[in-house]
Amino acid sequence: MKRTAALILIVLLLASPAYAAAAGDQGKSGRIVDGNGSAGGNGGATPDDAAGPVQNRTAEKEQKHLHEQVRDRINQTSAEDEARAEGLSGPAQAAWKNQNAVRTAVHAFLALGDLDGGIGKNVSAIAREYNNSLATRLQAEEQIHQNAGLGRFFFGGDTEAAGTILADLNRSREQVREMKRLVENCTCDNETGALLMEQIRAMEQEQERLRELAEGEISEKGLFGWIWK
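Numbering (full-length UniProt numbering), first residue to last: 1 to 229.
Below you can see the structure in the form of structure tokens.
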């Protein structure tokens, strides 16, 4: 009896390591399968996870290209304006130089036709309307400069040219306001947004400069202007 019990005990002792090894292999196999199915329980990389960084890099690249496009248009317009001014003289040159900043601003917005965020084409359309009135302003301001000197002293300011400017400012004021609203809601990067706001400020300053010019011209009665005014 004792011999039988001893044999059973020996068999159990020998079988225990084999059982443990088999259990270990089964656990490893389970983990491997689980790893293939769910990356060890941590979750596998999905296509959306991989696409995120790619989309971010693409957006950053597009924003950088947009900023460069606007900056290039500003530099190009400034250079063209300076070259044009050299070929002018007297009142024509003075009027042209005075409007350089706003002309540059308008052309910057004209470059935004493909701007992401849904505002590019809207801004460009408004800027195009604004640009169409620049020639009228330029001609009226040039006429005012031509009237300077003795003519203005004796007969007062050019109220006709001043009236043309004020009428144009009334039309363009809302255009500038709408462009500013669009820029404030732009999805572009901060650097590009700041650059566009600089152009808006240039347009606002031009509006104020022309208003003061026109009102000053109207208020100037001249020495003999009271006779027919």
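Glycine is no exception: its CB is placed at the ideal position from the N, C-alpha and C atoms.
query                                                                                                                     : result
Cβ-based burial, ASN147 [other Cβ within 10 Å; buried from 16]                                                            : buried
With 16 other Cβ atoms within 10 Å as the buried cut-off, status of ALA194                                                : exposed
Boundaries (first-last residue) of the alpha helix (DSSP H) holding ASN132                                                : 120-132
Buried versus exposed, by CB contacts within 10 Å (16 or more), THR187                                                    : exposed
Where the alpha helix (DSSP H) containing ALA194 begins and where it ends                                                 : 190-219
Residues of its chain near ARG209, where Cβ-Cβ distance is below 6 Å and the 5 sequence neighbours each way are ignored   : none
The stretch 130-138 touching the stretch 160-168, judged by at least three CB pairs closer than 8 Å                       : yes
Cut-off 7 Å between Cβ atoms - residues of its own chain near ALA95, not counting five sequence neighbours on either side : LEU138, GLU141, GLU142, HIS145
Collapsed DSSP secondary structure at GLY157 in the structure displayed                                                   : coil
Through-space distance from GLU206 to SER219, alpha-carbon basis                                                          : 20 Å
Spatial neighbours of ILE126 in its chain, beta-carbon cut-off 7 Å, leaving aside the 5 residues before and after         : GLN175, GLU178, MET179
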